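Visitor: Quick one: the structure is below, and I'll ask about it shortly.
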Amino acid sequence: DQQVKQNSPSLSVQEGRISILNCDYTNSMFDYFLWYKKYPAEGPTFLISISSIKDKNEDGRFTVFLNKSAKHLSLHIVPSQPGDSAVYFCAASPASNTGKLIFGQGTTLQVKP
Amino acid sequence: DAGVTQSPTHLIKTRGQQVTLRCSPKSGHDTVSWYQQALGQGPQFIFQYYEEEERQRGNFPDRFSGHQFPNYSSELNVNALLLGDSALYLCASSPLARQGYEQYFGPGTRLTVT
Chain A
158 DQQVKQNSPS
168 LSVQEGRISI
178 LNCDYTNSMF
188 DYFLWYKKYP
198 AEGPTFLISI
208 SSIKDKNEDG
218 RFTVFLNKSA
228 KHLSLHIVPS
238 QPGDSAVYFC
248 AASPASNTGK
258 LIFGQGTTLQ
268 VKP
Chain B
370 DAGVTQSPTH
380 LIKTRGQQVT
390 LRCSPKSGHD
400 TVSWYQQALG
410 QGPQFIFQYY
420 EEEERQRGNF
430 PDRFSGHQFP
440 NYSSELNVNA
450 LLLGDSALYL
460 CASSPLARQG
470 YEQYFGPGTR
480 LTVT
């Protein structure tokens, strides 16, 4: 039962353009969502998060949008840079705040110079 | 300020053997969670420790066990290894008050079972 899904295994964009990574979830009890970035041979690095009481959170070049009615969130990276090339995971936390993060399968982003 | 550290980096074991992986949390963090990441998948939650007790467990068999020490460091033990246990094992830490929110991950231990 995949409660968090990232349906695009990979994405390729040109440097300077916008990257949009998508994530869908099925459990309406999730109340906190996170994006992590992972480089090879490293652990996931926290990027940005959003609470279910908000629909947008912005941090520099990164913006996360949450559409609760559609159970969908997206990560926008503007402008994309070659150093952004990595695997991106979305994750969700249940409302009980139990410390269990549920991850999607990941999307590999390639930013071409 | 040291982040989350894990040892060893890589490990090769034979089916049926036992393995112990180690994790030191980020300074100031008292909660440690363990995840298994199979190739091409996202991390899967194994369990979480706080105050030396297992607080929550994911859908993993009893062959997977853990421990937390008074200095908050933690061990993950896997008995009777199966080929399917080959994966990247990630440790994550957080303060208890933020344990459902941002967790900080170590670089992982790559376990190969032959």
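Heads up: the sequence lines are chains A and B, in that order.
Quick note on the working numbering: the first sequence kicks off at 158 and runs consecutively.
Quick note on the working numbering: the second sequence kicks off at 370 and runs consecutively.
We put the CB at the ideal spot given by N, CA and C, even for glycine.
Treat the numbers as computed from the prediction; the structure is a model and nothing was measured.
Figure out for me which residue from A:241, A:245 and A:262 has the closest Cα to the Cα of residue 407 of chain B.
Guide: When each option's Cα is compared against that of residue 407 of chain B, the closest is A:262.
Visitor: Opposite residue 251 of chain A in the DSSP bridges: which residues?
Guide: Residue 251 of chain A is bridged to A:187.
Visitor: Compare the C-beta of residue 198 of chain A against all C-beta atoms of chain B and say whether one is closer than 8 Å.
Guide: It does; some Cβ of chain B falls within 8 Å.
Visitor: Mark residue 371 of chain B as exposed unless 16 or more other C-beta atoms lie within 10 angstroms of its C-beta, in which case mark it buried.
Guide: Counting Cβ neighbours within 10 Å, residue 371 of chain B comes out exposed, since fewer than 16 surround it.
Visitor: Under 9 Å Cβ-Cβ, which residues of chain A neighbour residue 471 of chain B?
Guide: Per Cβ cutoff of 9 Å: 191, 203 and 206.
Visitor: Across the stretch 378-390 of chain B and the stretch 440-460 of chain B, are there enough close Cβ pairs to call them in contact, namely three or more that are closer than 8 Å?
Guide: In short, these stretches touch, since the Cβ pair count reaches three.
Visitor: Roughly how many angstroms lie between the CA atoms of residue 242 of chain A and residue 396 of chain B, to the nearest whole one?
Guide: Each residue's alpha carbon lies about 29 Å from the other.
Visitor: If you run the structure through DSSP and keep just helix, strand and coil, what is residue 453 of chain B?
Guide: Helix at residue 453 of chain B.
Visitor: Do you know offhand how far residue 203 of chain A's Cα is from residue 212 of chain A's?
Guide: Whole-angstrom Cα-Cα distance: 19 Å.
Visitor: For residue 266 of chain A, does the three-state DSSP call read helix, strand or coil?
Guide: Looking at residue 266 of chain A - three-state DSSP - the assignment turns out to be strand.
Visitor: Pull up the distance between the alpha-carbon of residue 405 of chain B and that of residue 163 of chain A, whole angstroms please.
Guide: Whole-angstrom Cα-Cα distance: 18 Å.
Visitor: Might you give, ordered along the chain, the residues of its own chain that have their beta carbon closer than 6 Å to the beta carbon of residue 446 of chain B, omitting 5 neighbours on each side?
Guide: Cβ within range, chain order: 389 and 434.
Visitor: Pick from A:240, A:235, A:234 and A:223: whose alpha carbon is nearest that of residue 185 of chain A?
Guide: The residue with the shortest Cα to Cα distance from residue 185 of chain A is A:223.
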